[in-house]
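Reading through the structure tokens given below for one structure.
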Amino acid sequence: MAAHFAGSIPPFDVELPGEVRFGPGRARELSSIAARYGRPRILAAAPAWAFDGKGPAALVLEALRVAAEAVIPFRLGEGEAVSSEVDAGAALARSEGCSLVVGIGGGAAVDTAKAVAAMAPRGEPVESYLEGVGDGRVLDRPGLPCVAVPTTAGTGAEVTRNAVLSSRDRRYKRSLRSLYVVPRIAVVDPELAVTAPPFVTAASGLDAIVQLLEPYVSRRAQPFTDALAAQALPAAVAALPRAYADGSDLEARSVMALAALYSGICLAHAGLGVVHGLASAVGACTTVPHGVVCARLVAEAVRANAEALAGRKDDAAATARLARLAQAGRWVTGRPAGTPLGDALAGADRLAALVEALRVPRFRDYGVTEGDVAAILALPLGGNMKTNPADLAPGDVERILRSGL
11 MAAHFAGSIP PFDVELPGEV RFGPGRAREL SSIAARYGRP RILAAAPAWA
61 FDGKGPAALV LEALRVAAEA VIPFRLGEGE AVSSEVDAGA ALARSEGCSL
111 VVGIGGGAAV DTAKAVAAMA PRGEPVESYL EGVGDGRVLD RPGLPCVAVP
161 TTAGTGAEVT RNAVLSSRDR RYKRSLRSLY VVPRIAVVDP ELAVTAPPFV
211 TAASGLDAIV QLLEPYVSRR AQPFTDALAA QALPAAVAAL PRAYADGSDL
261 EARSVMALAA LYSGICLAHA GLGVVHGLAS AVGACTTVPH GVVCARLVAE
311 AVRANAEALA GRKDDAAATA RLARLAQAGR WVTGRPAGTP LGDALAGADR
361 LAALVEALRV PRFRDYGVTE GDVAAILALP LGGNMKTNPA DLAPGDVERI
411 LRSGL
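Right under this line is the structure:
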């Protein structure tokens with residue numbers, strides 16, 4: 011393991027998430043989980059379809075109603091989690107006297123629920139607490155307890171200490187970040203994802219893959235998250251096409267659910283890179299789904315980073331980070347070791363082929379044109395660039411962005 015690091019194993023910290031209940035059928039335990047809070051009034055934050063009495067969400071809501079005094083529906087719009095919905099949800103939780111918030115759905119629904127739970131007791135707009143947007147206020151005490159119930163396998167939001175919120179009007183996509191944002195309990199039941207459409211399976215699954223890759227090659231890489239990435243990255247690359255082809259393949263769904271869970275832990279501890287930096291900017295001013303952005307940019311990001319690091323042969327740290335990109339490439343391709351640059355580029359090619367096989371749309375399919383490139387690049391890319399493995403020139407970043415058009 012030490013061979014992956016330049017020098018000795020670095021010091022590192024681990025902040026484990028709240029309680030995690032993983033496995034098929036675990037959603038049925040939500041009644042007993044809710045009962046921990048007495049007979050709670052529960053705010054259920056979920057997409058509108060979750061309340062139609064069909065699909066996996068029906069099981070979740072039924073289990074909650076067994077233990078609750080009332081389940082108050084908070085119907086979310088389509089797309090990214092937005093600050094205005096958090097403020098509305100927090101106000102609803104206060105007016106209804108809710109004592110528990112449950113997020114049901116994909117990463118946007120879970121992030122919205124996390125932020126609503128954190129903000130409900132405060133009565134202030136969430137924007138005041140967002141990184142790079144607010145006035146420096148921090149969450150200094152717990153909010154309402156939150157239970158996360160993901161129905162897709164992608165963001166790992168069920169175990170992260172941030173909620174990513176956006177505003178199209180103000181053109182930002184920023185985090186509400188605190189240990190008080192981590193859900194108290196995450197119920198990760200792969201059975202809840204079996205009805206997810208192929209497109210959702212592909213986009214969310216590729217997001218999880220990127221969230222395993224970027225922390226592994228990050229400047230903050232550490233042994234704890236390395237172990238998770240080493241197990242989950244090759245497994246996810248193999249399982250995702252199966253889950254895409256047959257949504258009822260519970261083994262593949264379970265692998266992807268675990269990969270997403272691991273990816274959330276990895277990104278929270280080791281950081282991300284240029285793919286997620288650009289995803290923040292793209293998400294702030296377009297309607298391209300987050301998973302699509304990550305999927306379409308990852309191959310070119312690997313190429314750009316590998317080529318930049320290969321050009322710094324006398325830099326031991328750069329050589330070590332290139333070795334990590336090469337190892338990730340071998341995990342993705344399953345092929346034996348060759349040259350570091352060759353292995354990294356082969357990994358990029360394999361990821362590009364996977365994206366094409368899963369028929370992930372391009373940015374232009376959402377109305378993004380060449381004329382939008384300058385506006386996207388003018389937006390801040392956040393702290394993700396600090397942990398990107400290579401120092402990329404502006405032209406490299408633009409090249410990565412254009413690869414998604």
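With this note's numbering applied, the sequence shown closes on residue 415, and no number is skipped along the way.
Just so it is clear, CB atoms sit at the ideal spot from N, CA and C, and this is done for glycine as well.
Out of Ser-188, Leu-186, Val-292 and Ala-130, which one is the CA nearest neighbour of Asp-382?
Val-292
Excluding sequence positions up to five away, which residues of its chain have a Cβ less than 6 angstroms from the Cβ of Met-395?
Once the five neighbours on either side are set aside, the close Cβ partners of Met-395 are Gly-287.
What residues are listed by DSSP as bridge partners for Asn-172?
BP columns for Asn-172 point to Arg-187.
Given the structure, does Ile-82 come close to the ligand NAP, in the sense that its CB is under 7 angstroms from one of the ligand's heavy atoms?
Ligands are entirely absent from the displayed structure, and the ligand NAP is therefore not among its contents.
Which word fits Ala-237, buried or exposed, when buried means at least 16 other C-beta atoms lie within 10 angstroms of its C-beta?
exposed
What are the boundary residues of the alpha helix (DSSP H) that Glu-366 is part of?
350 to 367
The beta strand (DSSP E) that contains Phe-32, what's its start and end?
29 to 32
From the DSSP output, read off the bridge partner residues of Phe-61.
Secondary-structure assignment with DSSP links Phe-61 through no beta bridge to anything.
Is DSSP giving Ile-19 helix, strand or coil here?
coil
Roughly how many whole angstroms lie between the Cα atoms of Ala-206 and Gly-257?
7 angstroms
Compare the beta carbon distance of Leu-175 and Cys-295 with 8 angstroms and say whether it is the shorter of the two.
no
Relative to the alpha-carbon of Asp-62, which residue among Phe-84, Ser-185 and Pro-50 has its alpha-carbon at the smallest distance?
Phe-84
For Ile-114 versus Ala-80, is the C-beta distance shorter than 8 angstroms?
Taking 8 angstroms as the Cβ cut-off, Ile-114 and Ala-80 do not qualify as a contacting pair.
For Val-204, which residues of its own chain have a beta-carbon under 8 angstroms away from its beta-carbon, when the five flanking residues on both sides are left out?
Pro-66, Gly-257, Ser-258, Leu-260 and Arg-263
Just to confirm before moving on: does the CB-CB distance between Ser-267 and Pro-350 stay below 8 angstroms?
According to the sequence provided, residue 267 is Ala. The question's Ser does not apply to it. When the beta-carbon positions are compared, Ala-267 and Pro-350 stay at least 8 angstroms from each other.
Is Pro-404 helix, strand or coil by DSSP?
The three-state reading of DSSP puts Pro-404 in helix, counting H, G and I together.
Taking the straight line between their C-alpha atoms, what separation do you get for Ala-326 and Asn-172?
Answer to the nearest angstrom: the Cα atoms are 33 angstroms apart.
Tell me, which residues are paired with Phe-84 by DSSP?
Ala-55
Considering Cys-156, what are the terminal residues of the beta strand (DSSP E) in which it resides?
156 to 160
Need the endpoints of the alpha helix (DSSP H) that Ala-78 sits in, please.
No alpha helix (DSSP H) contains Ala-78, which DSSP labels as neither H nor E.
Leaving out the 5 sequence neighbours to the left and right, which residues in its chain are closer than 7 angstroms to Arg-409 when beta-carbon positions are compared?
Cβ contact annotation for Arg-409 (same chain, cutoff 7 angstroms, sequence separation greater than five): Glu-310 and Ala-314, in chain order.
For Pro-20, count neighbouring Cβ atoms within 10 angstroms of its own Cβ and tell me buried if that reaches 16, exposed if not.
exposed
Ignore the nearest five residues each way along the sequence and tell me which others in Ile-219's own chain have a CB closer than 6 angstroms to its CB.
Ala-246
Suppose you measure from the CA of Ala-140 to the CA of Val-308; what does that come to, to the nearest Å?
The amino acid occupying residue 140 in the given sequence is Leu; Ala does not appear at that position. So the two alpha carbons sit approximately 27 angstroms from each other.
Name the DSSP beta bridge partners of Tyr-182, please?
Ser-177
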